[in-house]
Amino acid sequence: MLQAARVLGPVDPYLIPALDGVAYGLLLFVAASGLVFCFGVANILNLAHGLLYAIGAYLAAALLDGGWGSLLLALGVGTLAAAGAGGLLAGLLAPVARRDHLTQALLTFGVALAGGALLVTAFGPDSLPVRIPAALDRSVEVAGHRYAAYRLVFIGVAALIAVLLWLAVAKTRAGMLVRAAVDDADMVACLGVNPARIRLGVLGAAGALAGAAGVLGAPIIGPAPTTGDTVLLLSLVVVVLGGLGSVQGTLLAALAVGEIQSLGVALAPTAAPFLLFAAMALVLAVRARGLPGRFLRLRPGGST
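What the sequence shown shows, in UniProt numbering, is residues 1 to 304, in sequence order.
See below:
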């Protein structure tokens, strides 16, 4: 669970946890958005998605040395490595791509277990520290309080990623093909575009998003043997709360989860571990699909 950032001086009991909730929520959005596209476009339930985040987080711990160059290197290597893992996963899933979600879940869960074991073998069984650039390893003043500079920068970067993701899907030819594949994959095939290549590209892009989230989010959800499981669980909660295939709902749900996790500790410490799942149970009970509004919807057999 997200820990409130260190604050120097008088502390508003809600401001800092609220900022932490925004950072945590945007991190979950970047990580969970790949899961949305795996289901919405490829119609694949990918339980190895948390592993892709963990790959980025572990590479961040291994490559970051406190300099800007190492951050760029880690971001590039982590993104490419997770994208490659996503492409490899697409190859493993090809024989079962048209089968039921239970079969896909069993296969990807097995991949997650094997991949997690490989990461522990390579990096050890302990949590690893992450060295961020020295210029960001400090606190800055926010409304009269001191707050971690890295988290403020991360909020801006993650928000930029969210905007670029929307532009890529809504305004580019590749995004048009992705949306068309959701509506009618057979028609896309008739136009000379192989849906299997779209599926490969989607899984690779989902891996890249998760890997980038792992590198940038490593100071928030750091590399540890349980990191993949934690990110997968929270991503599934975000996707379920936001509605399977709804990017807008995913964004709103991720921010809500971040605030529940952070403000819950400040408002009700003893009940905090149960608030998130209580909220999920409530949403499922009333069959909610997220807040009103239209950002972009990707649903198997649905429309954009």
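Backbone N, C-alpha and C fix where the C-beta goes; we use that ideal spot for every residue, glycine too.
| Query | Result |
| --- | --- |
| Would you report the Cα separation of R77 and L89, rounded to the nearest angstrom? | It should be pointed out that residue 77 corresponds to Val in this sequence rather than to Arg. About 18 Å. |
| Could you tell me which residues DSSP pairs with R146 in its beta bridges? | E141 |
| Roughly how many angstroms lie between the CA atoms of R173 and W166, to the nearest whole one? | 13 Å |
| Can the beta-carbon of D229 be found closer than 8 Å to that of G50? | yes |
| Output the distance between the C-alpha atoms of V286 and L47, rounded to the nearest integer angstrom. | 26 Å |
| Please say whether A94 and E259 have beta carbons closer to each other than 8 Å? | no |
| Out of curiosity, what's the CA-to-CA distance linking L236 and P133? | 31 Å |
| What's the C-alpha gap between M1 and G21? | Confidence at M1 is low in this model, with a pLDDT of 39, below 50, so its placement is unreliable and the value that follows should be read with caution. Going by the C-alpha atoms only, they are around 11 Å apart. |
| Helix, strand or coil for R197 per DSSP? | helix |
| Going residue by residue through the stretch 248 to 285, where are the continuous alpha helix (DSSP H) segments of at least 4 residues, counting only ones entirely within it? | 272 to 285 |
| Should the stretch 33 to 40 be regarded as contacting the stretch 205 to 220, the criterion being three or more beta carbon pairs within less than 8 Å? | yes |
| Do the stretch 63 to 72 and the stretch 131 to 145 touch if we need at least three Cβ pairs shorter than 8 Å? | yes |
| What three-state label does DSSP hand T172 in the structure shown? | coil |
| Tell me which same chain residues have a C-beta within less than 7 Å of the C-beta of D71, skipping the five on either side of it? | Reading off the sequence, residue 71 comes out as Leu, not Asp. Cβ within range, chain order: L64, P133. |
| Hey, quick one: how far does the alpha helix (DSSP H) through A74 stretch, first residue to last? | 68 to 93 |
| At the level of alpha carbons, what is the spacing between L28 and N194? | 31 Å |
| Answer yes or no: do A254 and V240 have a C-beta to C-beta separation smaller than 8 Å? | no |
| Hey, how far is the Cα of L8 from the Cα of R138? | Bear in mind that a pLDDT of 40 at L8, under 50, signals an unreliable position, so the model cannot answer this. |
| Within its chain, find whatever has a CB closer than 8 Å to the CB of L263; leave out the 5 residues flanking it on each side and keep chain order. | Y14, P17, A18, G21 |
| Using only alpha-carbon positions, find the residue among P219, A60, Q248, Q261 that is nearest to Y150. | P219 |
| Taking the C-alpha atoms as reference points, what is the distance between A162 and A60? | 21 Å |
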